[in-house]
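Comments concern the structure below.
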Amino acid sequence: MGLEQLVLTKLHFEILPLRSSVWAIQRKRGILMKSAALFATAFIGALITGAASHAGEPSGKGSFEMLVAPEQVFNLKAKAWKPVLNEDSFALTHDGEFYLTVAKRKDGMLMLLVRQPSTEKQGQPFYAGYYLKCGVMADVPVFPQNAAELKSELANPQADSEEARIGFGPGSGMHDLYTLVCRC
Numbered sequence: 016m017g018l019e020q021l022v023l024t025k026l027h028f029e030i031l032p033l034r035s036s037v038w039a040i041q042r043k044r045g046i047l048m049k050s051a052a053l054f055a056t057a058f059i060g061a062l063i064t065g066a067a068s069h070a071g072e073p074s075g076k077g078s079f080e081m082l083v084a085p086e087q088v089f090n091l092k093a094k095a096w097k098p099v100l101n102e103d104s105f106a107l108t109h110d111g112e113f114y115l116t117v118a119k120r121k122d123g124m125l126m127l128l129v130r131q132p133s134t135e136k137q138g139q140p141f142y143a144g145y146y147l148k149c150g151v152m153a154d155v156p157v158f159p160q161n162a163a164e165l166k167s168e169l170a171n172p173q174a175d176s177e178e179a180r181i182g183f184g185p186g187s188g189m190h191d192l193y194t195l196v197c198r199c
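Per the working numbering, the very first residue in the sequence shown carries number 16; after that it's consecutive.
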């Protein structure tokens, strides 16, 4: 047996078993990865199914109590609207803006509407609504433009929607409104 044949024979007996064990490990790893992927897919599917089954359920925090009739909210001559005053500490000027607390929930969550002159339709007001809770510097915006839209929103409020929640801080127009409503 020549040296070349001896080396080839030695390589054959030492490397081939190593190759087959590496192949076996890779095969086991592939099976484990497929199992993990199937488990993750099933888990995510269960989460989505659970979330979908609970969608639309009440938050358990109660419903909103109307403080002003929806028809009166959109009455331009209604006396319930309060002007947003321009205070020295406010970040913005609020000329022509009025606010109204439309509804309140037992946990302190408020629904506010702000009426301001429309930039698109001269002589027509634009209404911006906010779910707001004193002590929490975040709001959930809504934009009802008539009594029917307001009733619909309050029938299925988005007040606790984490996706729609927007934080604000001092120096913002929302903080100005928060300061007025919460008296802080």
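All residues carry an ideal CB built from backbone N, CA and C; glycine is no exception. Here the structure is a predicted model, which means the values were calculated and not measured.
Residue i by DSSP, collapsed to three states: which one?
i, result
"GLN77", "Per the sequence presented here, residue 77 reads as Gly, with Gln not at that position. Residue state, collapsed to three classes: coil."
"GLN87", "helix"
"ALA174", "coil"
"LYS148", "strand"
"ALA95", "coil"
"ALA179", "coil"
Note the first and the last residue of the continuous beta strand (DSSP E) segment covering residue i.
i, result
"ASP154", "151–157"
"VAL196", "Looking at the DSSP string, VAL196 is not in any beta strand (DSSP E); the run it does join, the alpha helix (DSSP H), is 188–197."
"ALA118", "113–119"
"ARG130", "124–132"
Indicate whether residue i and residue j have their beta-carbon atoms separated by less than 8 Å.
i, j, result
"PHE79", "LYS119", "yes"
"VAL196", "GLN173", "no"
"TYR193", "MET152", "yes"
"PRO159", "GLY138", "no"
"MET189", "ASP154", "yes"
"LEU82", "THR116", "yes"
"GLN87", "GLU112", "no"
Evaluate residue i with the Cβ neighbour count: other Cβ atoms within 10 Å of its Cβ, from every protein chain shown; 16 or more gives buried, anything less gives exposed.
i, result
"LEU128", "buried"
"LEU147", "buried"
"LEU100", "exposed"
"PRO185", "exposed"
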